[in-house]
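Going line by line, the protein sequences match chains V and C. By the numbering used here, the letter at position 17 of the first sequence is numbered 376, and the numbering carries on one by one without gaps. By the numbering used here, the letter at position 90 of the second sequence is numbered 449, and the numbering carries on one by one without gaps. Ideal Cβ placement from N, Cα and C applies to all residues, glycine included. Owing to the predicted nature of the structure, the values given are computational and were not obtained by experimental measurement. Read the structure below first, then the notes.
Protein chains: 2
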Amino acid sequence: MAPTFTQITLAERPKEHILPTTFARKTVPLASLKPGQGEVLVKLHYLSLDPAMRGWLRDQRSYMPPVGIGEVMRGQAVAEVVEAGPGSKFTKGDIVDGPFGWAEYGVFPDKIASKINAPPGVDVLDFLGPMGGTGMTAYFGLLDVGKVKAGEKLVVSGAAGATGSMVCQFGKKRGAKVYAIAGSQAKCDWLENDLGVDKAFNYKSPTFHADFKKTVGFLDVYFDNVGGELLDFMLSRLNLRARIVLCGAISDYNKAKPSGLTGYMTLIAQRAKIEGFLVFDYASRYPEAQKDIATWLRDGSLKRRFHVVKGLQNAPEALNLLFNGGNTGKLVVQVADTPAKL
Amino acid sequence: MAPTFTQITLAERPKEHILPTTFARKTVPLASLKPGQGEVLVKLHYLSLDPAMRGWLRDQRSYMPPVGIGEVMRGQAVAEVVEAGPGSKFTKGDIVDGPFGWAEYGVFPDKIASKINAPPGVDVLDFLGPMGGTGMTAYFGLLDVGKVKAGEKLVVSGAAGATGSMVCQFGKKRGAKVYAIAGSQAKCDWLENDLGVDKAFNYKSPTFHADFKKTVGFLDVYFDNVGGELLDFMLSRLNLRARIVLCGAISDYNKAKPSGLTGYMTLIAQRAKIEGFLVFDYASRYPEAQKDIATWLRDGSLKRRFHVVKGLQNAPEALNLLFNGGNTGKLVVQVADTPAKL
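Printed below as a string of structure tokens:
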């Protein structure tokens, strides 16, 4: 039998939660893939799963078009060049990253792939974590949008997630008091004991609001990954000139109609702001962040954790982990049986 | 009978709307007022009524303490110095402005009063309008917070109000396309015909949303005086890097629980922000704004309208005009029978 590979395509747009019928599995002959001029055939090793993917399933005006019905699901990945087409700048065996999508193999133009040259102490998988979109989001969101300063009170939601766990650590490095919010005691323990935040709060605790008010009081920067009710609560906890960095709103992504923010008038009294951002706008400055982050990975001062799900066929179900609190750290799918060194 | 004067005090905190029982009228012997060292006795000519007053009635954390029960209601006014105490820098007959409150007479320290020297073409009453807090709010909110640029699309809510009508005109002077939102056809006519906005929309029209989408499409700066549902709608109308200047939220001031903003996730996709501000923070820069505004008043290019209610006893009821759309332009109470020249 001729060799085949798996692709996962969008079958229907979810109204709220991602369902077993949201995605479809497609088996494709490998022989159908042949890199042309300036193209490469890649074999995926790891696929990144990100909360933003939920937004790409919505048919609405956004920063990029939604994934079309029947199209391979979009996603960032680390892959190996299996065959370089004529004139390609890549060589067989190169490890590259790029938006290769939910497929075991694919052919792509050179220009969407980047060769990974992992510096000492950095794994290729880090290019889906601290050295990739996650790390860049945390770095520029906190320092450029949030402009956190030493001594300020930084609150991070989704703190045990891929981005949140980086934001917490970058905040400590900048000299801020860091207060983390997560959804389980185990996550809070990891944040306090391993990542060194000043205090972690379990938002599911019945005394969460009272505990937060007592310990934190008011905040200077809120790096928000979850939106919804927690964001509304934080609007009542703003110091003068507080900045809310709107990175994500994972609590609202699966809702047909998001929870409303009722506390926005505090923005006036406190001369505060809510600002959204997208990491792509900082692409030209990634090297400056990656230089810092590589240094911290090498000296061991920056911790990261990967939550690895094996098998591309498990990607749809794994995606739900992001919305039900099932992952700690960066969620990835191991697509290849024997991926490049973790 | 010894001469007396009227004060209006806060009797109870309104839960939602301002009621006849919210304020109380107090008659005080004039002889009880005697300016001491560095103080003045003033007679109020005009009192400013502002939406922010609703916020001062709430017993909650804000940029200044709430007005206390039994205290004279706070408010900015233009007054005449009737008697200068020993060592006062003022002279009988000086026209001054300051936060003299809802009273026909009062004694105040010199430091809270400022002598008005109206330049040619400027009336003393303008110091409660374009040359006062209203004008300063519009000027710094639009230019410093909103940073509107020539050619950009500026949308102004509460556009026929004191601040909104200034924002519209400052926007035109800056070269923006100005879209005004108001609550009646008469207000829209005034905005289009007298103030020169590009298009005015009546938000009460059943076709408002469709009309707005068709004519404006997406906006660059939204100067918001009303909050609530209109703000939520505007969140769906943001251009890339749009700025929402949160000046007021008059639609929500009388509500125990404000309407929620559900469309905030657009802030991420459009890299946009909502920013609150308070004009007091710009106090050191008022002279630069007043220089521009005085020039525009003198050359007739800046229009202003005053809605004058006679008699301090009518101030409580007049305050409601701000919330039911009853005023066009700047709402003031004429406190003195024969005030300084209008």
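Item                                                                                                                   : Value
Residue range of the beta strand (DSSP E) that includes Gln693(V)                                                      : Lys689 to Gln693
C-beta neighbour in chain C for His376(V), strict 8 Å                                                                  : no
Members of the region 421-436 of chain V near chain C, C-beta cut-off 7 Å                                              : Ser421 and Tyr422
Option nearest Gly457(V) by Cα separation, candidates Ala535(V), Leu597(V), Gln435(V) and Ala411(V)                    : Gln435(V)
Close beta carbons around Gly684(C), own chain, < 6 Å, minus the five adjacent residues each side                      : Gly542
Min CB distance Thr381(C) to chain V below 8 Å                                                                         : no
Identified DSSP bridge partners for Thr368(V)                                                                          : Ala383(V) and Val431(V)
Segments assigned beta strand (DSSP E), at least 3 residues, entirely inside the region 489-538 of chain V             : 512-515
Where Asp696(V) sits in the DSSP three-state scheme                                                                    : coil
Chain-ordered chain V contacts of Glu634(C) [CB-CB under 9 Å]                                                          : Leu626, Arg630, Ala631, Lys632, Ile633 and Glu634
For Asp548(V), the first and last residue of its enclosing alpha helix (DSSP H)                                        : Gln544 to Asp548
Leu605(V) burial status per 10 Å Cβ neighbour count (16 or more: buried)                                               : buried
Rounded Cβ spacing between Val580(C) and Ser610(C) (contact assumed at less than 8 Å)                                  : About 19 Å; that fails the 8 Å criterion.
Nearest to Pro479(C) (by Cα), restricted to the options Lys689(C), Ala699(C), Gly491(C) and Leu656(C)                  : Leu656(C)
Closest Cα partner of Ala462(V) within the set Leu403(V), Phe571(V) and Ala411(V)                                      : Leu403(V)
Residues bridged to Pro388(V) [DSSP beta-bridge criterion]                                                             : Thr363(V)
Per-residue contacts from Ser516(C) into chain V (C-beta, under 9 Å)                                                   : Within 9 Å Cβ-Cβ: nothing; Ser516(C) doesn't reach chain V, min ~14 Å.
Among Phe499(V), Pro394(V) and Met525(V), nearest to Pro489(V) - alpha-carbon criterion                                : Met525(V)
Proximity of Ser618(V) and Glu588(V) at Cβ, strictly below 8 Å                                                         : yes
Host alpha helix (DSSP H) of Ala411(V) (start-end)                                                                     : Ala411 to Trp415
Local conformation of Tyr422(C) per DSSP, three classes                                                                : coil
CB contact check: Ser618(V) to chain C, cutoff 8 Å                                                                     : yes
CB contact check: Gly492(V) to chain C, cutoff 8 Å                                                                     : no
Residues from the region 637-660 of chain C in contact with chain V, defined by Cβ distance under 7 Å                  : Leu637 and Asp640
Short CB-CB distance (under 8 Å) between Tyr623(C) and chain V                                                         : yes
Ranges of the beta strand (DSSP E) found wholly within the region 611-662 of chain C, counting only runs of at least 3 : 632-635
Nearest residue (CA-CA) to Ala648(C), options Leu590(C), Glu398(C), Tyr498(C) and Pro698(C)                            : Tyr498(C)
Residue from Leu408(C), Cys527(C), Thr365(C) and Ala539(C) whose Cα sits closest to the Cα of Thr386(C)                : Thr365(C)
Distance between beta carbons of Leu690(C) and Leu408(C), contact taken as under 8 Å                                   : 4 Å
Beta carbon proximity, Asp611(V) to chain C, threshold 8 Å                                                             : yes
is_contact[Lys700(V), chain C] using C-beta, thresh 8 Å                                                                : no
Close-in-space but distant-in-sequence residues of the same chain around Pro388(C) (CB under 7 Å, 5 per side omitted)  : Ala361 and Thr363
Segment limits, alpha helix (DSSP H) that includes His568(C)                                                           : Phe567 to Thr574
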